[in-house]
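Residue numbering for the sequence shown follows our numbering, starting at 1 and increasing by one per position. Note that CB positions come from ideal geometry on N, CA and C, so glycine has one too.
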Amino acid sequence: MRRSYIYMAAAGALTALLSGCADENPDWNYSIPQRICGIETGESTVKPLLPKGDSLEEKIRAAVGEEQDASERCLLYVDREQHGNGRNLSIYKDREIEKIDAHQEAEHLLKFTNIQRVELGEHVTSAAIGDEGALVVMACTPKTSKGEPYKYLVTQVRFGKDADKPENLPVRHQQLKEFLRAYIPATFVDRCRN
């Protein structure tokens, strides 16, 4: 079974630099995006996951060729010029042929801590949230993939080493859950045909 959602080999890049007005978001001196990593989620679900700062940069890298639509890596950086390449939030998407258990993968492969299973609704076969992020597996026949007969889409959301470390991790777990409740159904509509 491929594990490329952990170690992505991707080509191509799309970069967007978002800047905004301090009056709109007093603690965030950049515009909070309505779309994150190509998926519409709404500002209210994204904002709690992003740290305060002056600029937000998003980089998307996707596989090309026969594996097109097989994997995607999206990295979000706040104040990258000041803090170097430490990402604040990453979202990885990878196609799988076999169903995997998100909780087991999060615990044993990703080494998440304080893991809990979560229910995210229709099409999601398993989902887990931990202090470091989340892993979601959904039944998903790709709209455009020409490669292997993929049946599942795995989405990993991971906080980077430079992400703010909240004192109240249960609150961050809840904020991550709310983000996933917006992001995962929109991802299904964007990527799946079943």
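Annotation: E40 to A186 spans about 7 angstroms, alpha carbon to alpha carbon. By DSSP's assignment, G53 forms a beta bridge with W28. Exclusion of the five residues before and after G42 leaves Q34 and A182 as the residues of its chain whose Cβ lies within less than 8 angstroms of its Cβ. Judged by DSSP in its simplified three-state form, V157 adopts strand. The continuous beta strand (DSSP E) containing K93 extends over residues L89 to E96. Rounded to whole angstroms, the separation of the alpha carbons of V171 and P48 is 10 angstroms. In the DSSP assignment, the residues bridged to Q116 are I129. Judged by DSSP in its simplified three-state form, P185 adopts helix. The beta carbons of V118 and L135 sit about 10 angstroms from each other, so the pair does not count as a contact at 8 angstroms. In the three-state DSSP reduction, L76 falls in the strand class (E or B). With the rule of 3 Cβ pairs closer than 8 angstroms, the region 91-103 counts as touching the region 122-129.
One Cα belongs to E178, the other to T45, and the distance between them is close to 6 angstroms. Within a 10 Å sphere around the beta-carbon of Q174 sit fewer than 16 other beta-carbons, which makes this residue exposed. L180 has its alpha-carbon roughly 14 angstroms from the corresponding atom of F159.
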